[in-house]
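Here's the structure we're looking at; comments come further down.
Numbering (the numbering used here), first residue to last: 2 to 248.
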């Protein structure tokens, strides 16, 4: 049976960026989000010699738990997931990552979890030692990194509450609400894309695939969500879901 390690590609295909000007960063879809959004154009140009762009296919493993944490990554396009494999072979997904998110930043000498790609993706890759020096050199980058760490802690607390105290329907509803795009990007906050599989959602929420499908059907029948076409896109009744989660 194929394992996650088997999916790891044999080599990286990289294209070095040119320092001195914004280059590809000027056309980057996530230029104003994530850590890079904290940098002025001149500062971003200064860090480009230290990063490479990487294009990888869906299901490619970026790193395995306990691998040496040699690199950190900024997801530019596509989607990724972080996970741990339990001793009995089960998978616990610990997070989903979207464009603008970083992977591997808060690790020590070894990665604390595994990460792979859900879709074909583009990433910016930094050597860990270089990135740590950049964080020390640019105060805005350091401040943004700290803010991101605080958000991660807050999200972890919310997830502990969701997994420990909420019903299956509340877990699914809360998960869908967490997928809403950032209002700051001017997107429709009620439109959601399920870029992950039902099995991924089950492994994240600690439920079965059957339970995920059943609860999505219940929410659909109640009019709290509306599927669009391929059933990977849906529109949320945000006030209705908020009422469900607060009851």
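Ideal Cβ placement from N, Cα and C applies to all residues, glycine included. Small disclaimer: the values here were computed from a predicted structure and weren't measured.
Which residue from 100, 74 and 50 puts its Cα closest to that of residue 29? Working through the chain shown from its first residue, we reach residue 29 at position 28. The shortest CA-to-CA distance from residue 29 to any of 100, 74 and 50 is the one to 100.
Quick check on this structure: which residue in 202, 88 and 104 has the alpha carbon closest to the alpha carbon of residue 76? Taking the chain shown and counting its residues from 1, one reaches residue 76 at position 75. The residue with the shortest Cα to Cα distance from residue 76 is 104.
Does DSSP put residue 246 in a helix, a strand or coil? Mapped onto the chain shown, residue 246 falls at position 245. In the three-state scheme derived from DSSP, where H, G and I count as helix and E and B as strand, residue 246 is classed as helix.
Does the distance from the CB of residue 196 to the CB of residue 119 come in under 7 angstroms? On the chain shown, residue 196 is found 195 positions in, with the first residue counted as 1. On the chain shown, residue 119 is found 118 positions in, with the first residue counted as 1. The Cβ atoms of residue 196 and residue 119 lie closer than 7 angstroms to each other.
Can you name the start and end residues of the alpha helix (DSSP H) that residue 172 belongs to? Position 171 of the chain shown, counting from 1, holds the residue named residue 172. Where residue 172 is concerned, the enclosing alpha helix (DSSP H) stretches over 169–179.
According to DSSP, is residue 45 part of a helix, a strand, or is it coil? As a working mapping, residue 45 is identified with position 44 in the chain shown. Secondary structure at residue 45: helix, using DSSP grouped into helix, strand and coil.
If you follow the alpha helix (DSSP H) that residue 214 is part of, which residue opens it and which one closes it? Stepping through the chain shown from its first residue, residue 214 is reached at position 213. First-last of the alpha helix (DSSP H) with residue 214: 210–222.
Cβ-based neighbour list, residue 121, same chain, cut-off 8 angstroms, excluding 5 preceding and 5 following: To locate residue 121, count along the chain shown from 1; it is residue 120. Sequence-distant Cβ neighbours of residue 121 in its own chain, meaning closer than 8 angstroms and more than five residues away, are 56, 57, 58, 59 and 79.
Residue from 74, 106, 97 and 66 with nearest C-alpha to residue 88: For the purposes of this step, residue 88 is identified with residue 87 of the chain shown, where counting begins at 1. When each option's Cα is compared against that of residue 88, the closest is 66.
Enclosing beta strand (DSSP E) for residue 128 [first to last residue]: Here residue 128 refers to the residue found at position 127 when the chain shown is read from its first residue. Where residue 128 is concerned, the enclosing beta strand (DSSP E) stretches over 122–128.
For residue 72, I'd like the list of residues in its chain whose CB is within less than 7 angstroms of its CB, leaving aside the five on either flank, ordered along the chain. Within the chain shown, residue 72 is the residue found at index 71, counting from 1. Closer than 7 angstroms at Cβ, skipping near neighbours: 105, 126, 127, 128 and 129.
Start-to-end residues for the beta strand (DSSP E) that takes in residue 57: Translated into positions along the chain shown, residue 57 becomes position 56. DSSP places residue 57 inside the beta strand (DSSP E), whose first and last residues are 52–57.
Distance check for residue 69 and residue 110, CA to CA, integer angstroms please. Here residue 110 refers to the residue found at position 109 of the chain shown. Here residue 69 refers to the residue found at position 68 of the chain shown. One C-alpha to the other measures close to 6 angstroms.
Is the beta carbon of residue 242 less than 7 angstroms from the beta carbon of residue 178? In the chain shown, the residue the question calls residue 242 occupies position 241. In the chain shown, the residue the question calls residue 178 occupies position 177. A Cβ-Cβ contact shorter than 7 angstroms links residue 242 with residue 178.
Determine the direct distance from the alpha carbon of residue 81 to that of residue 10, and round the result to whole angstroms. Taking the first residue of the chain shown as position 1, residue 10 is located at position 9. Taking the first residue of the chain shown as position 1, residue 81 is located at position 80. Unreliable positioning characterises residue 10 in this predicted model, as indicated by a pLDDT of 32, which lies under 50. A coordinate reading is not provided.
Cβ-Cβ separation, residue 117 to residue 206 (assumed contact under 8 angstroms), whole Å: Indexing the chain shown from 1 puts residue 206 at position 205. Indexing the chain shown from 1 puts residue 117 at position 116. Contact flag wrong, Cβ pair sits at about 19 angstroms.
From this set, 194, 170 and 234, which residue's C-alpha is nearest residue 211's C-alpha? Position 210 of the chain shown, counted from the start, is the residue given in the question as residue 211. The option with the nearest alpha carbon to residue 211 is 170.
Given residue 248, which residues of its chain have a CB within under 6 angstroms of its CB, disregarding the five upstream and five downstream residues? For the purposes of this step, residue 248 is taken as residue 247 along the chain shown, with counting starting at 1. Around residue 248: no qualifying Cβ.
Whole angstroms are fine: how far does the CA of residue 33 sit from the CA of residue 84? Stepping through the chain shown from its first residue, residue 84 is reached at position 83. Stepping through the chain shown from its first residue, residue 33 is reached at position 32. Approximately 27 angstroms between the Cα atoms of the pair.
Spatial neighbours of residue 191 within its chain, please: CB distance less than 6 angstroms, with the 5 preceding and 5 following residues excluded, ordered by chain position. For the purposes of this step, residue 191 is identified with residue 190 of the chain shown, where counting begins at 1. Result list for residue 191: 236, 237 and 239, in chain order.
Between residue 223 and residue 168, what straight-line distance do the alpha-carbon atoms span, to the nearest angstrom? Your numbering for residue 223 matches position 222 in the chain shown. Your numbering for residue 168 matches position 167 in the chain shown. Note on geometry: alpha-carbon atoms of residue 223 and residue 168 lie some 17 angstroms from one another.
Please state the DSSP three-state secondary structure of residue 145. Here the question's residue 145 lines up with position 144 in the chain shown. Three-state DSSP puts residue 145 in a helix.
In the DSSP assignment, find the unbroken alpha helix (DSSP H) run with residue 203 in it and report its ends. The sequence position of residue 203 within the chain shown is 202, counting from 1. Unbroken alpha helix (DSSP H) run through residue 203: 199–206.
Would residue 187 be called buried (16 or more neighbouring beta carbons within 10 Å of its own) or exposed? Position 186 of the chain shown, counted from the start, is the residue given in the question as residue 187. Because the pLDDT at residue 187 is just 44, under 50, the model does not fix this residue reliably, and the value given afterwards should be weighed accordingly. Exposed: under 16 other Cβ atoms inside 10 Å.
Taking Cβ positions, are residue 143 and residue 136 nearer each other than 7 angstroms? In the chain shown, the residue the question calls residue 143 occupies position 142. In the chain shown, the residue the question calls residue 136 occupies position 135. Yes. Within cutoff.
Give me the Cα-Cα distance between residue 225 and residue 202, rounded to the nearest whole angstrom. Position 224 of the chain shown, counted from the start, is the residue given in the question as residue 225. Position 201 of the chain shown, counted from the start, is the residue given in the question as residue 202. Their Cα atoms are separated by approximately 18 angstroms.
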